[in-house]
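The structure under discussion appears below in the form of structure tokens.
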Amino acid sequence: MKKLEADILKILEEDCRYSPSKIAVMLDTSEAEVSAAIKNMEESGVIVKYTAIVNGEALSEEIVQALIEVRVTPQKVNGFDAIAEEIYRFDEVQSLYLMSGGYDLAVFIEGRSLRDVSRFVAERLSTIDGILSTATHFILKKYKIEGTIADRPDDSMRLSVQP
Numbered sequence: 001m002k003k004l005e006a007d008i009l010k011i012l013e014e015d016c017r018y019s020p021s022k023i024a025v026m027l028d029t030s031e032a033e034v035s036a037a038i039k040n041m042e043e044s045g046v047i048v049k050y051t052a053i054v055n056g057e058a059l060s061e062e063i064v065q066a067l068i069e070v071r072v073t074p075q076k077v078n079g080f081d082a083i084a085e086e087i088y089r090f091d092e093v094q095s096l097y098l099m100s101g102g103y104d105l106a107v108f109i110e111g112r113s114l115r116d117v118s119r120f121v122a123e124r125l126s127t128i129d130g131i132l133s134t135a136t137h138f139i140l141k142k143y144k145i146e147g148t149i150a151d152r153p154d155d156s157m158r159l160s161v162q163p
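In the UniProt record's numbering, the protein residues as written are 1 to 163.
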């Protein structure tokens with residue numbers, strides 16, 4: 001990867017709202033070079049998506065999020081890929097990772113209630129052929145999301161400590 005592309009990625013990872021012209025100024029290069037580099041990274045799959053990081057706790061509606069550890073029996077031909085594909089097609093699934101260690105897949109899901117999440121695990125996820133077991137962990141509070149601090153304490157409510 002070229003230095004320009006690496007620098008552009010670093011800026012976009014920090015805030016994807018920057019325009020090519022603003023990035024060009026920041027990197028002391030032309031807007032055309034920045035636009036071409038971004039287009040190349042999009043077409044090659046380096047940049048997959050531009051998205052907002054949402055702190056669900058700040059919303060008025062409740063969202064229940066969970067991490068589900070899944071142990072599976074890999075298939076002879078496709079290994080973990082076929083089971084992973086079946087799982088990531090569910091709308092509830094936000095992220096899915098192949099892991100090393102005590103379990104095989106880490107599934108991050110969202111639901112409207114604890115019941116929604118438990119129903120998903122019991123009726124949809126655990127019924128997939130090849131799944132041996134699941135362990136569901138509910139996310140209680142987010143402190144940092146995708147590198148961004150989510151829960152900033154209100155300093156005005158803190159008592160000052162003086163000697």
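By construction, the Cβ of each residue, glycine as well, lies at the ideal position given by its N, Cα and C atoms.
Owing to the predicted nature of the structure, the values given are computational and were not obtained by experimental measurement.
Secondary structure of residue i, DSSP reduced to three states
i, result
"Lys22", "helix"
"Ser95", "strand"
"residue 186", "It is not possible to answer for residue 186, since the shown part of the chain is limited to 1 through 163."
DSSP bridge partner residues for residue i (one or two, in chain order)
i, result
"Thr136", "Ile68"
"Leu105", "Val70 and Leu98"
"Lys144", "Ile149"
N- and C-terminal bounds of the alpha helix (DSSP H) containing residue i
i, result
"Val77", "No alpha helix (DSSP H) holds Val77; DSSP gives it neither H nor E."
"Met41", "Glu31 to Glu43"
"Ile128", "Run containing Ile128: none; DSSP gives neither H nor E here."
"Arg89", "Arg89 -> no alpha helix (DSSP H), and no H or E assigned at all."
"Ala6", "Lys3 to Glu14"
"Ser118", "Leu114 to Arg119"
Close Cβ partners of residue i (< 6 Å) along its chain, the five nearest in sequence each way excluded
i, result
"Leu9", "none"
"Phe138", "Ala66"
"Asn40", "none"
"Met99", "Ala106"
Cut-off 7 Å between Cβ atoms - residues of its own chain near residue i, not counting five sequence neighbours on either side
i, result
"Thr73", "Gly130 and Leu132"
"Glu31", "Pro20, Ser21 and Ala24"
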